[in-house]
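Chemist: Pasting in a structure now, in structure tokens, and then I'll have a few things to ask.
Here is the structure:
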């Protein structure tokens, strides 16, 4: 394992990995973050993206007052939404820097369960590729910058790996605490403190009930509702609602380890911590290393945390802004050289 990046140094009382992970999305921080993010939220307008094959995904687009800025797409983690605290906080930070901010809701996340009949699962990559393509059209070919957290980061890394084949013009990707090996993450969740698994089970069941209410003739999740662990729930979902023959086949379907990123050409940064309780650090060593991929690995930070204090922008938000600024300058310089 490579030595950690020492740029992130939280105070001693904030170094616990579980505290960092919990604070990333705890309701105790919602009030201050929502108040700080009021400008980007009030400027937002809804866009329904045609993602192909009849799939529609919702996003919220905020343009800066002075006109068009560099477009950046933010994608939340599993059972998060476009209004997750880490998304809102980063969105406001980018908005203040003059970016055009687009916050995407993945299928069946946020208040979008009614938009598509079929159920969300993590291998629905074509529709996320379609969403990026639709945004590329909406922004008239301007290069997009993509930022994803956890499962959202996993989706965007897969999008970037096939960007050339899909005809996508992506300037850069930043993935924070992305899911790398889903099988290893599921095992880590089972071995972690009980609160992690119960948190996701509770949120997932709530989401399934919303899907059932939106499509009562299609779904009855009574049997799933009686299960209490992620492995059995996921196996049942795979059996009933996907084409994958086994749970392992499904989990491998959205893994990005091995050679999955070998064709990556988009400038990409993965930000991860060695103490992430649900993304094992050893999975980082299983990524295909290309000249386009850079790893920033910290000693502390938990899962999507990277907090130095309880209020204000986090270290990872400042790091993301710096990464996007640098990538934007590099992209502009490359474009000038090509046109010379």
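In this note's numbering, the protein residues as written are 1295 to 1634.
Glycine is no exception: its CB is placed at the ideal position from the N, C-alpha and C atoms.
Quick caveat: nothing in here was measured; it's all calculated off a predicted structure.
Answer yes or no: do residue 1352 and residue 1410 have a C-beta to C-beta separation smaller than 8 Å?
Modeler: Counting from one through the chain shown, the residue named residue 1352 turns up at place 58. Counting from one through the chain shown, the residue named residue 1410 turns up at place 116. Not a contact, by the Cβ cut-off of 8 Å.
Chemist: On a CA-only basis, which of 1478, 1557 and 1519 is nearest residue 1497? Give me that one, please.
Modeler: Translated into positions along the chain shown, residue 1497 becomes position 203. Of 1478, 1557 and 1519, the residue nearest in Cα terms is 1519.
Chemist: Classify residue 1611: buried if its beta carbon has 16 or more other beta carbons within 10 angstroms, exposed otherwise.
Modeler: Here residue 1611 is taken as the residue at index 317 of the chain shown, counted from 1. Buried: at least 16 other Cβ atoms inside 10 Å.
Chemist: Can you give the Cα-Cα distance for residue 1431 and residue 1377, rounded to whole angstroms?
Modeler: Against the chain shown, residue 1431 aligns to sequence position 137. Against the chain shown, residue 1377 aligns to sequence position 83. For residue 1431 and residue 1377, the distance between alpha carbons rounds to 24 Å.
Chemist: Candidates 1602, 1587 and 1607: which alpha carbon is nearest residue 1305's?
Modeler: Looking up residue 1305 in the chain shown gives position 11. Measuring from the Cα of residue 1305, the nearest candidate turns out to be 1602.
Chemist: Spatial neighbours of residue 1541 within its chain, please: C-beta separation below 7 Å, excluding the five flanking residues on both sides.
Modeler: The residue given as residue 1541 occupies position 247 in the chain shown. Here residue 1541 has 1528, 1529 and 1532 as same chain residues with Cβ atoms under 7 Å from its own Cβ, once five neighbours each way along the sequence are excluded.
Chemist: Let's see if you can read the secondary structure: which residues bound the alpha helix (DSSP H) around residue 1431?
Modeler: Here residue 1431 refers to the residue found at position 137 when the chain shown is read from its first residue. In the DSSP assignment, residue 1431 falls within the alpha helix (DSSP H) that extends over 1419 to 1432.
Chemist: Check the C-beta distance from residue 1379 over to residue 1615 and give it rounded, since I have them as a contact under 8 Å.
Modeler: As a position in the chain shown, residue 1379 is number 85, starting the count at 1. As a position in the chain shown, residue 1615 is number 321, starting the count at 1. About 17 Å separates the two Cβ atoms, so there is no contact after all.
Chemist: Enumerate in chain order the residues of its own chain whose CB-to-CB distance from residue 1517 is below 8 Å, with the five nearest sequence positions on each side excluded.
Modeler: Residue 1517 sits at position 223 when you count from the first residue of the chain shown. Excluding positions up to five away in sequence, the list reads 1530.
Chemist: Assuming residue 1318 is part of the beta strand (DSSP E), what are its boundary residues?
Modeler: For the purposes of this step, residue 1318 is taken as the residue at position 24 of the chain shown. No beta strand (DSSP E) holds residue 1318; DSSP gives it neither H nor E.
Chemist: With the cut-off set at 8 Å, would you say residue 1494 and residue 1506 are in Cβ contact?
Modeler: Taking the chain shown and counting its residues from 1, the one referred to as residue 1494 is at position 200. Taking the chain shown and counting its residues from 1, the one referred to as residue 1506 is at position 212. At least 8 Å separates the beta-carbon of residue 1494 from that of residue 1506.
Chemist: Can you grab the Cα-Cα spacing for the pair residue 1364 / residue 1438, in whole Å?
Modeler: For the purposes of this step, residue 1364 is identified with residue 70 of the chain shown, where counting begins at 1. For the purposes of this step, residue 1438 is identified with residue 144 of the chain shown, where counting begins at 1. When rounded, the distance between both Cα atoms is 8 Å.
Chemist: Does DSSP put residue 1327 in a helix, in a strand, or in coil?
Modeler: Here residue 1327 refers to the residue found at position 33 of the chain shown. Residue 1327: helix per DSSP, three-state reduction.
Chemist: For residue 1397, list the residues DSSP reports as bridge partners.
Modeler: Start at 1 with the first residue of the chain shown, and residue 1397 comes out as number 103. Note: residue 1397 sits in a beta bridge opposite 1354 and 1368.
Chemist: Rounded to the nearest angstrom, how far is the Cβ of residue 1403 from that of residue 1374, given a contact under 8 Å?
Modeler: For the purposes of this step, residue 1403 is taken as residue 109 along the chain shown, with counting starting at 1. For the purposes of this step, residue 1374 is taken as residue 80 along the chain shown, with counting starting at 1. Going by Cβ atoms, the distance from residue 1403 to residue 1374 rounds to 7 Å, so yes, they are a contact pair.
Chemist: Since residue 1565 and residue 1479 are thought to touch, with beta carbons under 8 Å apart, how far apart are those beta carbons, to the nearest angstrom?
Modeler: For this step, residue 1565 is matched to residue 271 along the chain shown. For this step, residue 1479 is matched to residue 185 along the chain shown. Rounded to the nearest angstrom, the Cβ distance from residue 1565 to residue 1479 is 17 Å, too far for a contact under 8 Å.
Chemist: When you compare only the Cα positions, how much space is there between residue 1619 and residue 1613?
Modeler: Working through the chain shown from its first residue, we reach residue 1619 at position 325. Working through the chain shown from its first residue, we reach residue 1613 at position 319. So the alpha carbons of these two residues sit roughly 10 Å apart.
Chemist: Measure from the alpha carbon of residue 1592 to the alpha carbon of each residue in 1568, 1443, 1604 and 1562, then state which is nearest.
Modeler: Translated into positions along the chain shown, residue 1592 becomes position 298. The candidate whose alpha carbon is nearest that of residue 1592 is 1568.
Chemist: Look up residue 1392 in the DSSP assignment and say whether it is helix, strand or coil.
Modeler: Taking the first residue of the chain shown as position 1, residue 1392 is located at position 98. In the structure shown, residue 1392 adopts coil according to DSSP, grouped into three states.
Chemist: Looking at residue 1395 and residue 1334, is the spacing between their C-beta atoms short of 8 Å?
Modeler: Walking along the chain shown from the start, residue 1334 turns up at place 40. Walking along the chain shown from the start, residue 1395 turns up at place 101. Cβ distance < 8 Å, so residue 1334 and residue 1395 count as in contact.
Chemist: Between the Cα of residue 1433 and the Cα atoms of 1483, 1367, 1467 and 1469, which residue gives the shortest distance?
Modeler: Taking the chain shown and counting its residues from 1, one reaches residue 1433 at position 139. Nearest of 1483, 1367, 1467 and 1469 to residue 1433, Cα basis: 1367.
Chemist: Report, in whole angstroms, the separation of the C-beta atoms of residue 1598 and residue 1422, which I expect to be a contact under 8 Å.
Modeler: Along the chain shown, read from residue 1 onward, the residue named residue 1598 stands at position 304. Along the chain shown, read from residue 1 onward, the residue named residue 1422 stands at position 128. The distance from the Cβ of residue 1598 to that of residue 1422 is about 19 Å, inconsistent with a contact at the 8 Å cut-off.
Chemist: Which of helix, strand or coil does DSSP assign to residue 1456?
Modeler: Numbered from 1 along the chain shown, position 162 holds the residue referred to as residue 1456. Looking at residue 1456 - three-state DSSP - the assignment turns out to be coil, as it is neither helix nor strand.
Chemist: Quick test of your reading: residue 1562 and residue 1581, contact by CB under 8 Å. State the CB separation rounded to the nearest angstrom.
Modeler: As a working mapping, residue 1562 is identified with position 268 in the chain shown. As a working mapping, residue 1581 is identified with position 287 in the chain shown. Incorrect: roughly 10 Å between the Cβ atoms, too far for contact.
Chemist: Considering only residues of the same chain and omitting the five flanking positions on each side of residue 1585, which have a CB-CB separation below 6 Å?
Modeler: Translated into positions along the chain shown, residue 1585 becomes position 291. Within the same chain, residue 1585 has no close Cβ partners at all.
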